[in-house]
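Asker: Shown below is the structure under consideration.
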Amino acid sequence: MKIKFSNLYKEYLSIKKNIDRSIKEVIDNSAFIRGKYVTRFENNFKSKLRSKYCLTCNNGTDALILTMISLGLKNNDEVITTAHSWISSSSSITKAGGKVVFCDVKKNSFNIDPKDIEKKITRKTVGIVLVHLYGEPADIINIKKLAKKNNLWIVEDCAQSHFVKYNKQFLGTHGEAGSFSFYPSKILGGFGDSGAIVTNNKKLYIKALKLAQHGGLRKHIHEFEGFNSRMDGLQAAVLNEKLKILNKLKKNRKVIAKRYHYNLKNIKNIQLPNVQKIDHGYYLYVIKAENRNKLKKYLNKNNIETQIHYPNLLPFLNSYRYLNYKKKDFPNALSNQSKILSLPMYPQLKFKEIDYISKKIIAFYSK
Ligand SMILES: Cc1ncc(COP(=O)(O)O)c(C=O)c1O
1386 MKIKFSNLYK EYLSIKKNID RSIKEVIDNS AFIRGKYVTR FENNFKSKLR SKYCLTCNNG
1446 TDALILTMIS LGLKNNDEVI TTAHSWISSS SSITKAGGKV VFCDVKKNSF NIDPKDIEKK
1506 ITRKTVGIVL VHLYGEPADI INIKKLAKKN NLWIVEDCAQ SHFVKYNKQF LGTHGEAGSF
1566 SFYPSKILGG FGDSGAIVTN NKKLYIKALK LAQHGGLRKH IHEFEGFNSR MDGLQAAVLN
1626 EKLKILNKLK KNRKVIAKRY HYNLKNIKNI QLPNVQKIDH GYYLYVIKAE NRNKLKKYLN
1686 KNNIETQIHY PNLLPFLNSY RYLNYKKKDF PNALSNQSKI LSLPMYPQLK FKEIDYISKK
1746 IIAFYSK
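Under my numbering, the first residue of the sequence shown carries the number 1386, and numbering increases by one thereafter.
This is the structure we're talking about:
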């Protein structure tokens, strides 16, 4: 048996007819950039998330940058984010003109620690980029309290947490704005790059819309220099089709996580993500494993692909060396670093495949 980390082709095959028809429609209408299919997607996306505005753009990184520029981020304004994420969560702060301030994650969690946020707030802090890593909601209640007390905005980076709820409300709608990536392997993914911002703040939406289309709302009217950041019609067509089956895709991810949990819960050498307490999108199924590197090699030898999200904490990448962080600044995130391993996770993964992976993990620790 050979098990890939993810398998996008299987997802395509499951709705091939509809996707092919939608793509043909875009081509027949030459609706390649923005246009009616993109507007349809924006309307579908915002109404499903129960948000007032949705602006699509080139990718999830742009969604973050456009949001933060629209919030008025200025030089030396400090924005707090987690040490453990994909670089867009922090690079977007710098690209929008701010200074990144990194925080540790909570013990026994992969998400930012509110207690560390509180310590890092200064007179210069203006906001928090809150990442819901792997599909698990961060501690929104406590972080919202801190934000309110200190007059900070919250932008939720939901690149890994589409349609996950916290307190009966979708992630992306708890703060000033939510940003999404539709990179192909995401919970909701297209056939290329694209992203979106959702917000209830009209001023922010209009500013981001102008920024995304060269600084204006109408062609040839440029109020300021902006960017070119637009979703294309083909992505919108694919995403509109995938939205129709999203509940099923999400349910499958939960069922897979439960199966992993059932199979692996008694192995003392690994720690599993929680499956019950709160909603979880299971974009990734990440375990903490003793002898992680050896286990990864062993699984690879047995034709099981795994990945590490992410091999380095953001503050220790060359790009942030200038910030001079020390290892002692991130004890929890560092302790996760050598243990995290992402097991295969995609909605079409079969029970017999999960059982095979589990059997191999059990065999590794029984040696
Ligand atoms: C947490 C997080 N934020 C932002 C992004 C950026 O999204 P994109 O690749 O669409 O620019 C990603 C993409 O992987 C991500 O995982």
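The beta carbon of each residue, even a glycine, is placed where N, CA and C say it ideally should be.
Tell me where the beta strand (DSSP E) around lysine 1484 begins and ends.
Answerer: Taken as a continuous stretch (DSSP letters only), the beta strand (DSSP E) holding lysine 1484 covers 1484–1488.
Asker: Who does valine 1613 pair with in a DSSP beta bridge?
Answerer: Note that residue 1613 corresponds to asparagine in the displayed sequence, not to valine. Per DSSP, Gln1598.
Asker: When the Cα of leucine 1434 is compared with those of Ala1581, Lys1484, Asn1697 and Leu1734, which residue comes out closest?
Answerer: Nearest option by C-alpha distance: Ala1581.
Asker: Ignoring anything shorter than 4 residues or poking outside the region 1627–1663, list the alpha helix (DSSP H) runs there in chain order.
Answerer: Listed in chain order, the complete alpha helix (DSSP H) runs (minimum 4 residues) inside the region 1627–1663 are 1631–1649.
Asker: How long is the line joining the alpha carbons of valine 1464 and asparagine 1552, rounded to whole angstroms?
Answerer: Taking the straight line joining both Cα atoms gives about 25 Å.
Asker: Among Glu1561, Glu1521, Ile1528 and Thr1510, whose alpha-carbon lies nearest the alpha-carbon of glutamine 1545?
Answerer: Comparing Cα positions, the closest option is Glu1521.
Asker: Please state the DSSP three-state secondary structure of isoleucine 1531.
Answerer: The sequence given here has leucine at residue 1531, not isoleucine. Residue state, collapsed to three classes: helix.
Asker: Between asparagine 1721 and the rest of its own chain, which residues show a CB-CB distance below 8 Å, the 5 nearest in sequence each way excluded?
Answerer: Contacts found: His1469, Val1490, Phe1495 and Lys1673.
Asker: Have a look at lysine 1530 and asparagine 1703 and give me their C-alpha separation to the nearest angstrom.
Answerer: Between lysine 1530 and asparagine 1703, the C-alpha separation is close to 33 Å.
Asker: Which residues in the same chain have their Cβ closer than 6 Å to the Cβ of asparagine 1741, if we skip the five residues on either side of it in sequence?
Answerer: For clarity, residue 1741 is tyrosine in the given sequence; the question names asparagine instead. Contacts found: Met1386.
Asker: Are alanine 1748 and isoleucine 1408 touching if we call contact CB-CB under 8 Å?
Answerer: Not closer than 8 Å, so no.
Asker: For the beta strand (DSSP E) containing glutamate 1463, name the first residue and the last one.
Answerer: That run of the beta strand (DSSP E) goes 1463–1467.
Asker: What are the boundary residues of the beta strand (DSSP E) that glutamate 1541 is part of?
Answerer: Looking at the DSSP string, the run of the beta strand (DSSP E) that includes glutamate 1541 is 1538–1542.
Asker: Helix, strand or coil for phenylalanine 1565, going by three-state DSSP, please let me know.
Answerer: Strand.
Asker: Helix, strand or coil: which one does DSSP assign to glutamine 1620?
Answerer: Helix at glutamine 1620.
Asker: Give me the Cα-Cα distance between tyrosine 1750 and tyrosine 1645, rounded to the nearest whole angstrom.
Answerer: In a straight line, the C-alpha of tyrosine 1750 is about 16 Å away from that of tyrosine 1645.
Asker: Can you give me the start and stop residues for the alpha helix (DSSP H) that leucine 1434 sits inside?
Answerer: Per DSSP, leucine 1434 belongs to the alpha helix (DSSP H) from 1421–1434.
Asker: Is the beta carbon of aspartate 1542 sitting closer than 8 Å to the one on valine 1516?
Answerer: Yes, Cβ-Cβ distance for aspartate 1542 and valine 1516 is below 8 Å.
Asker: Quick one: grab the DSSP three-state call for glycine 1445.
Answerer: Looking at glycine 1445 - three-state DSSP - the assignment turns out to be helix.
Asker: Do alanine 1562 and threonine 1452 have their C-beta atoms within less than 8 Å of each other?
Answerer: Cβ atoms of alanine 1562 and threonine 1452: closer than 8 Å.
Asker: What residues in its chain sit with their C-beta under 6 Å from that of isoleucine 1374, if we drop five residues either side in the sequence?
Answerer: Since the first residue shown for the chain is 1386 and the last is 1752, residue 1374 is missing from the structure and cannot be characterised.
Asker: Quick one: residues in its chain with C-beta nearer than 6 Å to the C-beta of leucine 1608, no 5 flanking neighbours on either side, listed in chain order?
Answerer: Strictly speaking, residue 1608 in this sequence is glutamate, with leucine absent from that position. These residues qualify, in order along the chain: Gly1600 and Gly1601.
Asker: Quick check: the Cα distance between lysine 1480 and isoleucine 1450, rounded to an integer number of angstroms?
Answerer: Each residue's Cα considered, the two are about 7 Å apart.
Asker: Within the present structure, is the beta-carbon of alanine 1468 separated from the nearest heavy atom of ligand 1 by less than 7 Å?
Answerer: Checking the Cβ of alanine 1468 against ligand 1 gives no.
Asker: Would you list the one or two residues that DSSP bridges to serine 1727?
Answerer: Partner(s): Val1671 and Gln1692.
Asker: Taking its Cβ as the centre, do 16 or more other Cβ atoms sit within 10 Å of asparagine 1444, making it buried, or is it exposed?
Answerer: Buried, by the Cβ-count rule.
Asker: Rounding to the nearest angstrom, what Cα-Cα distance links phenylalanine 1487 and lysine 1639 in this structure?
Answerer: Near 31 Å, if we compare the C-alpha coordinates of lysine 1639 and phenylalanine 1487.
Asker: Taking 8 Å as the cut-off, decide whether the C-beta atoms of glycine 1618 and alanine 1416 are in contact.
Answerer: The answer is yes: Cβ separation under 8 Å.
Asker: Excluding five sequence neighbours on each side, which residues of the same chain lie with their C-beta closer than 8 Å to the C-beta of leucine 1458?
Answerer: If we look at leucine 1458 and ignore the five residues flanking it on each side, its Cβ neighbours are Val1464, Ile1478, Ala1481, Gly1482, Gly1483, Val1511 and Gly1512.
Asker: Taking buried to mean at least 16 other C-beta atoms within 10 Å of its own C-beta, is glutamine 1554 buried or exposed?
Answerer: Flag for glutamine 1554 reads exposed.
Asker: Going by the DSSP bridge assignment, what does lysine 1550 pair with across the sheet?
Answerer: DSSP, once it has assigned bridges, lists Phe1555 as partnering lysine 1550.
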